[in-house]
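This is the structure we're talking about:
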């Protein structure tokens, strides 16, 4: 939050309603950055899985794969390994979709609040990311 | 019990969130507020700062709790996948070939017979034997309760954030009001 310059001073009283809108904006903004971080981490995970599944195409069919489950590597047939990766991929895709949807909705809500708050307070308020 | 109810119904009672974190007071009108508080602007600003510091302290606490839970949840998930793997392997009578960590950076190969029971480390130097199904249920419960507390912590953090923002806006407004007040005074003196 920035203090007012004399030139930017707007004689708008902050009402409780404004305050609540400022609060929700700040909340949404924090939520958005958390989500963004989670989204990027998931995306990397997904890329790793994609690499894996194409790598597994090259493996001999009756070879056992050492697949890390928990803390140990278990030897499992190729087919099972592929199934596991596929399940994981689907799961991540679903999560990515959910994150994206939520981020879009947050963006929309923030845009609305921005419009209202800038409309009232003009330069007296700063809602941009640093 | 009765006192608690009395507190709840009294209009002066501090509003809190579901987990008892108090809500800050929003300054509706700076002039009235300063007059009513019968203290100087400086004292008021100091009080505000103190309040913000208290909320920030709580925020730090909650952030570390959030971090702990964010570590704990994948741990539980990991254990759960192993249990589920063992369950899916229960029917086959072929042993599981595995490479496991014997010590840091030291791995060994082992064959593990399919098993009906496993031991779960419960903490405090206690390990208990569970059937696979029981272990699965226990872990699922733990997972959902951990996720629940994480949701609560996230909610509390959002709430704290709101209180801090409100206080910061309060501070800025009282400060600006004071600056304006001084300017008016100065102008009155010079003219």
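Protein chains in written order, with the numbering used here: chain A, 5 to 134; chain B, 602 to 792. Note that the Cβ used here is the ideal one computed from N, Cα and C, for glycine as well. As the structure is a prediction and not an experimental result, all values here were calculated from the model.
Limits of the unbroken beta strand (DSSP E) element including residue i
| i | result |
| --- | --- |
| residue 79 of chain A | 76-81 |
| residue 704 of chain B | 697-704 |
| residue 69 of chain A | 68-73 |
| residue 635 of chain B | Segment 631-638 is the alpha helix (DSSP H) holding residue 635 of chain B; no beta strand (DSSP E) there. |
| residue 716 of chain B | Note, residue 716 of chain B: premise wrong, no beta strand (DSSP E); not H, not E. |
Neighbourhood of residue i by C-beta, 8 Å cutoff - its chain only, sequence neighbours within 5 removed
| i | result |
| --- | --- |
| residue 617 of chain B | 623 and 624 |
| residue 693 of chain B | 715 |
| residue 103 of chain A | 39, 42, 43 and 46 |
| residue 660 of chain B | 758, 761, 762 and 765 |
| residue 63 of chain A | 69 and 82 |
| residue 606 of chain B | Reliability of the predicted coordinates at residue 606 of chain B is poor, the pLDDT of 42 falling under 50, and no value is obtained from them. |
Cβ of residue i within 8 Å of any chain B Cβ
| i | result |
| --- | --- |
| residue 125 of chain A | no |
| residue 78 of chain A | yes |
| residue 52 of chain A | no |
| residue 34 of chain A | yes |
| residue 5 of chain A | Confidence at residue 5 of chain A is low in this model, with a pLDDT of 49, below 50, so the placement of that residue is unreliable and no value is reported for it. |
Partners in chain B for residue i, counting only beta-carbon separations shorter than 7 Å
| i | result |
| --- | --- |
| residue 73 of chain A | 682, 683 and 686 |
| residue 156 of chain A | In the structure displayed, chain A extends from 5 to 134; residue 156 of chain A sits before or after that span and is not available. |
| residue 70 of chain A | 700 |
Chain-ordered chain A contacts of residue i [CB-CB under 7 Å]
| i | result |
| --- | --- |
| residue 791 of chain B | Those within 7 Å of residue 791 of chain B in chain A number zero; the least Cβ separation is about 16 Å. |
| residue 627 of chain B | 20 and 23 |
| residue 774 of chain B | 18 |
Chain B contact residues for residue i, given Cβ-Cβ distances below 8 Å
| i | result |
| --- | --- |
| residue 30 of chain A | 762, 763 and 766 |
Cβ shell of residue i (< 7 Å), same chain only, five flanking positions each side left out
| i | result |
| --- | --- |
| residue 713 of chain B | 696, 697 and 699 |
| residue 747 of chain B | 670, 673, 674 and 677 |
| residue 645 of chain B | 635, 638 and 775 |
| residue 779 of chain B | 642 |
| residue 99 of chain A | 46 |
| residue 690 of chain B | 697 and 715 |
Contact set between residue i and chain A, taken where Cβ atoms lie within less than 9 Å
| i | result |
| --- | --- |
| residue 679 of chain B | 73, 74 and 75 |
Enclosing alpha helix (DSSP H) for residue i [first to last residue]
| i | result |
| --- | --- |
| residue 712 of chain B | From DSSP, residue 712 of chain B is part of no alpha helix (DSSP H) but of the beta strand (DSSP E) over 707-713. |
| residue 678 of chain B | 642-689 |
| residue 46 of chain A | 20-60 |
| residue 786 of chain B | 733-791 |
Cutoff 8 Å: residue i Cβ touching any chain A Cβ
| i | result |
| --- | --- |
| residue 702 of chain B | yes |
| residue 565 of chain B | This structure gives no information on residue 565 of chain B, because the portion of chain B shown stretches from 602 to 792. |
Chain A contact residues for residue i, given Cβ-Cβ distances below 8 Å
| i | result |
| --- | --- |
| residue 759 of chain B | 31, 34 and 35 |
Beta-carbon contacts of residue i that lie in its chain and below 6 Å, excluding the five residues immediately before and after
| i | result |
| --- | --- |
| residue 741 of chain B | none |
| residue 737 of chain B | 684 |
| residue 5 of chain A | Unreliable placement is indicated for residue 5 of chain A, whose pLDDT of 49 sits below 50; no coordinate value is reported for it. |
| residue 784 of chain B | none |
| residue 118 of chain A | 131 |
| residue 663 of chain B | 754, 757 and 758 |
Any non-hydrogen atom of the ligand NAD closer than 7 Å to residue i Cβ
| i | result |
| --- | --- |
| residue 46 of chain A | Of the ligands one can find in the structure shown there are none, so the ligand NAD has no counterpart to examine. |
Checklist entry - So does the segment 91-99 of chain A actually touch the segment 41-60 of chain A, counting three or more Cβ pairs closer than 8 Å? => result yes
Checklist entry - Is it a yes or a no for the segment 115-134 of chain A touching the segment 717-732 of chain B, going by three-plus beta-carbon pairs under 8 Å? => result no
Checklist entry - Any chance the segment 73-92 of chain A sits against the segment 695-715 of chain B, with 3 or more Cβ pairs inside 8 Å? => result yes
Next on the checklist: Check whether the segment 675-689 of chain B and the segment 702-711 of chain B are in contact - that is, three or more C-beta pairs closer than 8 Å.
Outcome noted: no
Checklist entry - Is the segment 634-647 of chain B touching the segment 659-678 of chain B, taking contact as three or more C-beta pairs under 8 Å? => result no
Next on the checklist: With three or more beta-carbon pairs closer than 8 Å as the criterion, would you say the segment 759-770 of chain B touches the segment 647-658 of chain B?
Outcome noted: yes
Next on the checklist: Under 8 Å: do the segment 24-31 of chain A and the segment 751-764 of chain B share three or more Cβ pairs, one atom per stretch?
Outcome noted: yes
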